[in-house]
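There are 4 protein chains.
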Amino acid sequence: MPPAISPTRRRARRKDARPGEIVEAALGLFAERGFAATKLEDVAAAAGISKGTIYLYFPTKEHLFRAVVRLAVLPNLEAAMALAADPERSAADTLRLLAERFLELLDSDLTAIPKLIVAEAGNFPALAQFYADEVARKGMALIRGVLARGIARGEFRPVDLDGALPLFSAPFLLLALWKHSLGRHTDIEFNPRAVVATHLDVLLRGLAAEAPP
Amino acid sequence: MPPAISPTRRRARRKDARPGEIVEAALGLFAERGFAATKLEDVAAAAGISKGTIYLYFPTKEHLFRAVVRLAVLPNLEAAMALAADPERSAADTLRLLAERFLELLDSDLTAIPKLIVAEAGNFPALAQFYADEVARKGMALIRGVLARGIARGEFRPVDLDGALPLFSAPFLLLALWKHSLGRHTDIEFNPRAVVATHLDVLLRGLAAEAPP
Amino acid sequence: MPPAISPTRRRARRKDARPGEIVEAALGLFAERGFAATKLEDVAAAAGISKGTIYLYFPTKEHLFRAVVRLAVLPNLEAAMALAADPERSAADTLRLLAERFLELLDSDLTAIPKLIVAEAGNFPALAQFYADEVARKGMALIRGVLARGIARGEFRPVDLDGALPLFSAPFLLLALWKHSLGRHTDIEFNPRAVVATHLDVLLRGLAAEAPP
Amino acid sequence: MPPAISPTRRRARRKDARPGEIVEAALGLFAERGFAATKLEDVAAAAGISKGTIYLYFPTKEHLFRAVVRLAVLPNLEAAMALAADPERSAADTLRLLAERFLELLDSDLTAIPKLIVAEAGNFPALAQFYADEVARKGMALIRGVLARGIARGEFRPVDLDGALPLFSAPFLLLALWKHSLGRHTDIEFNPRAVVATHLDVLLRGLAAEAPP
DNA sequence: TATGAATGAGGATTCATTCAT
DNA sequence: TATGAATGAATCCTCATTCAT
């Protein structure tokens, strides 16, 4: 026999779940249509609630947008940082793991976030700043750490860190953007797994320390 | 002494120049604010004409958008294709020249086009298809040709062409997007020249055929 | 030792008090913000109950408004009528007592009622009628009676009763409206006691029967 | 033959007239329904234009409200001040002229302004301040000047100026408010001319200097 | 009785587009 | 051709009211 749940408890559970449900519905629609072109009424419908209910949890459409970005980004950023922090792992293996993680994410709507940020940065400077400072900066520090470790350990030759910083991420960005923009409107297809495999192969070779004579 | 031009002639010249002036003004504003957030009234003001006049040359805002994309993209694509077609040039040098060309473009507003496409693909499927087919497809064919030539000439080792295709362009895309979105809202800066130099260095090493024993 | 009150009894007492508590809270907020700008949620909070509970006692916001008006007005109107009915008292003294009573009321929120009526008459015709018929008409009859008595007793010279009717009340109305509208937004201040004293002085002289030669 | 008017001129005349037409239509509806209950769509309809056109001349509903107040009040205040400034006129005659002027105004919608101010002061503090400072303060200074002149000239006995200040205006306020609120919803009627006549009669007697022995 | 989550009608505002001049 | 005043569809947000608990 399951433990009895008081009516109050059951209601509370509903209330606790709502913001997440709304954010999830919003992510899907924002990913598909962009921020401006998404009507809150449609978000509500997608979440199975009514327009007004959204406003019980988010004071404006922009706040909902921020919540979407936060919720979609922060857990993954933290996971990536934890993964990159392991001092035992070689730099190459760390990059491979990060790449693997990205491929998993690519099936969800989460990778629509960069598209949304790119599209709306101009209209939401505060959000752009938040993303730049909280996500981009941290992500870049993460990569910089891995590259520096690789160089220190003799895996990689000493390259210009500032110049090398974007190189690892750039193809992932391209794949994510493609999927959520042009990819929906053309039959040109990328095979993400192949692209990522080639990327790692080429990048790691390109960075590899010279073979000792 | 230049030949006298009758007022009628002058008017005609003006008329011919108008669409270009409007498109240029629109590009600047679209680059800054995005498509939806740009008012046609502001485009008109930037072009030094009145709102109604735009409609003498472009039936809708979307048509103007298409003209912007076409005008901003096609000349450069053609230049790049011409550049890549030279059978004398090594693959590596071709990539270097393309990179150099990109760096020159980065100072203009032209590199805002990818941001616009990414942002608006969902709202303008026809435009997305046009861009995918006319620009992306041709650009990819161009790169594929260069890589294939490099492999054929023994410059590059035989890599998976489909997987390698986006690798060359990805950092350029990242730099262009950064400049027109987050870059405007943070003090994090990239040095495009350094990034591109490192990119070429790493990529060309990563692709290089094994040194003979 | 007070007699024990069963929980049920206490609840009942509470229930009886509720409507009054709600009306009181509503009067305070209506006085401050007006009817339309007052949210029932705020009334509920001020009364220490929840939004839904108001609907157990008042079917609509308008009904609550009516209750506020009735409760705030009727007791005072009755007191004034009782006061004016005393056939012993001179007309001048009656007016002085009414003025004194008004000055006492001016410290409470009750004098916000005229402002509310003026503001909302257009939106609540039924309320306007109720107020006109039940309050204004009776108040005017009261004043008319006092004036008529004063004339009959030889205190006042015979003036046009219809023309004189509003003269006594007008400064009180002005003071009440000022306090609840402009008075909140400027440093111009009236001294109600001085205004009322001067009003009585001037009015009673102005009405006074000619001194016998 | 009337002088030819260029199309541009004719259009310009239309444009110049628009704000006034809109303000007039708005005054009528605000007077009838109050600010909040008046839809801009109805104002537009009353002015014979469409919703959007209002926004060509007034950035928000509140700005329109301010324009209504300014336009309705300032000309009359200035006329009153000019009238009161004549040093030849006796204080009593000045008050009579002011009263006469008010009676003329009472037929228009202009006297709805006090009702609007009273009703909306809480929601538009800035407007309330404007009205208090620009209208009420100046109006009071005007009356104070007339009373002081009357006392100085020996027409009036020396009364407490602060206490006497609101006495002249109060019945006019009452008449204006009555007309635009309760007056619309009851058959109780005031005869403004009779009220004003009695008011002047009583007030001037009440203020009159003691007859010399 | 009491709660407070959910509803949805209603209105201010924006801006692409039209059209009389 | 060129203008810019006018239009009205579209959408965010508020809050009185309902109702499951």
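Residue numbers (numbering that gives the first Met the number 0), protein chains in the order written: chain A, 0 to 212; chain B, 0 to 212; chain C, 0 to 212; chain D, 0 to 212.
The beta-carbon is built from N, C-alpha and C at its ideal position, and this holds for glycine as well.
Next item on the list: Output, in chain order, the set of chain D residues within a Cβ distance shorter than 8 Å of VAL158 (chain C).
Entry: Within chain D, the residues near VAL158 (chain C) are THR197, ASP200 and VAL201.
Next item on the list: Spell out whether any CB of chain C is found under 8 Å from the CB atom of LEU206 (chain D).
Entry: yes
Notebook entry, point to check: Skipping 5 residues on each side, what residues in its chain have a beta carbon closer than 7 Å to that of GLU154 (chain B)?
Noted result: SER89, ALA90, ALA91 and ALA208
Next item on the list: Compile a chain-ordered list of the residues in the segment 59-79 of chain B whose CB is closer than 7 Å to at least one CB of chain A.
Entry: none
Notebook entry, point to check: Are the CB atoms of PHE167 (chain B) and ILE142 (chain B) nearer to each other than 8 Å?
Noted result: yes
Note to self: Among the candidates A:ALA83, A:LEU115, A:ALA163 and A:LEU164, whose CA atom is the shortest distance from the CA of GLU31 (chain A)?
What the structure shows: A:LEU115
Checklist line | Helix, strand or coil at PHE155 (chain A) [DSSP, three-state] | finding: strand
Margin query: If I measure Cβ to Cβ from PHE57 (chain A) and keep anything under 6 Å in the same chain, skipping five residues before and after, which residues do I get?
Written below: LEU63
Next item on the list: Report yes or no: is there a C-beta of chain B within less than 8 Å of the C-beta of ARG148 (chain A)?
Entry: No, ARG148 (chain A) does not count as interfacial toward chain B.
Notebook entry, point to check: In whole angstroms, what separates the C-alpha of LEU202 (chain B) from that of LEU181 (chain A)?
Noted result: 25 Å
Item checked: Length at least 3, wholly inside the segment 75-146 of chain B: the beta strand (DSSP E) runs in chain order -> Entirely contained in the segment 75-146 of chain B, not one beta strand (DSSP E) run reaches 3 residues.
Next item on the list: Report yes if the CB atom of LYS38 (chain B) is closer than 8 Å to the CB atom of LEU105 (chain B), and no otherwise.
Entry: No.
Margin query: Give me the DSSP bridge partner(s) of ALA233 (chain A).
Written below: The structure shown has nothing for residue 233 (chain A), since chain A only spans 0 to 212.
Next item on the list: Determine, using beta carbons only, whether PHE189 (chain A) comes closer than 8 Å to chain B.
Entry: yes
Notebook entry, point to check: Do we get a CB-CB distance below 8 Å when we pair TYR56 (chain B) with the residues of chain A?
Noted result: no
Check: Between which two residues does the alpha helix (DSSP H) carrying PHE167 (chain B) extend?
Finding: Under the DSSP assignment, PHE167 (chain B) falls in the alpha helix (DSSP H) whose first and last residues are 160-179.
Check: Where ALA3 (chain A) and PHE29 (chain B) are concerned, what is the direct C-alpha to C-alpha distance, given to the nearest angstrom?
Finding: Model confidence at ALA3 (chain A) stands at a pLDDT of 43, short of 50, so the residue's coordinates are unreliable and nothing is read from them.
Notebook entry, point to check: Taking only beta-carbon atoms, is LYS114 (chain B) less than 8 Å away from chain A?
Noted result: yes
Notebook entry, point to check: Does GLY144 (chain C) have its Cβ less than 8 Å from a Cβ in chain D?
Noted result: no
Item checked: Which of helix, strand or coil DSSP assigns to PRO58 (chain D) -> coil
Notebook entry, point to check: Would you say GLY153 (chain A) faces chain B, with C-beta separation under 8 Å as the test?
Noted result: no
Notebook entry, point to check: Is it a yes or a no for the segment 69-79 of chain D touching the segment 131-139 of chain D, going by three-plus beta-carbon pairs under 8 Å?
Noted result: yes
Check: Measuring CA to CA, which of B:LEU76, B:VAL117, B:PRO165 and B:PRO18 is closest to ILE48 (chain B)?
Finding: B:PRO18
Next item on the list: Kindly list, in the order they appear in chain B, the residues whose Cβ is closer than 7 Å to that of ASP132 (chain A).
Entry: THR185
Check: Within 8 Å (strictly less), CB to CB, does SER107 (chain A) reach chain B?
Finding: Closer than 8 Å to the CB of SER107 (chain A) there is not a single CB belonging to chain B.
Item checked: Contacting residues, own chain, Cβ-Cβ under 8 Å from GLY138 (chain B) (five flanking each side not counted) -> LEU76, ALA79 and SER168
Next item on the list: From the DSSP output, in three-state form, read off ILE48 (chain A) for me.
Entry: If DSSP states are grouped into helix, strand and coil, ILE48 (chain A) belongs with coil.
Note to self: Let me check understanding here. Comparing Cα to Cα, which of A:LEU206, A:GLY33 and A:ASP15 lies closest to VAL117 (chain B)?
What the structure shows: The candidate whose alpha carbon is nearest that of VAL117 (chain B) is A:GLY33.
Notebook entry, point to check: Apart from the five residues on each side of it in sequence, which residues of its chain come closer than 8 Å, Cβ to Cβ, to LEU94 (chain D)?
Noted result: VAL145, PHE167, LEU199, LEU202 and LEU203
Margin query: So, for LYS60 (chain C): in the same chain, excluding its five sequence neighbours on each side, which residues have a beta-carbon less than 7 Å away from its beta-carbon?
Written below: The beta carbon of LYS60 (chain C) lies closer than 7 Å to those of LEU39 in the same chain, with the five residues before and after it left out.
Next item on the list: Identify whether ALA36 (chain B) lies in helix, strand or coil by the three-state DSSP scheme.
Entry: coil
Next item on the list: Tell me whether ILE187 (chain D) sits in a helix, a strand or coil according to DSSP, three-state version.
Entry: coil
Notebook entry, point to check: Quick one: is ARG136 (chain D) near chain C, going by C-beta distance under 8 Å?
Noted result: Residue-level contact check: ARG136 (chain D) touches chain C, since one or more beta carbons of chain C fall below 8 Å from its beta carbon.
Check: Whose Cβ in chain A lies nearer than 9 Å to the Cβ of ARG95 (chain B)?
Finding: The premise fails here: ARG95 (chain B) is roughly 15 Å from chain A at the closest Cβ pair, so nothing lies under 9 Å.
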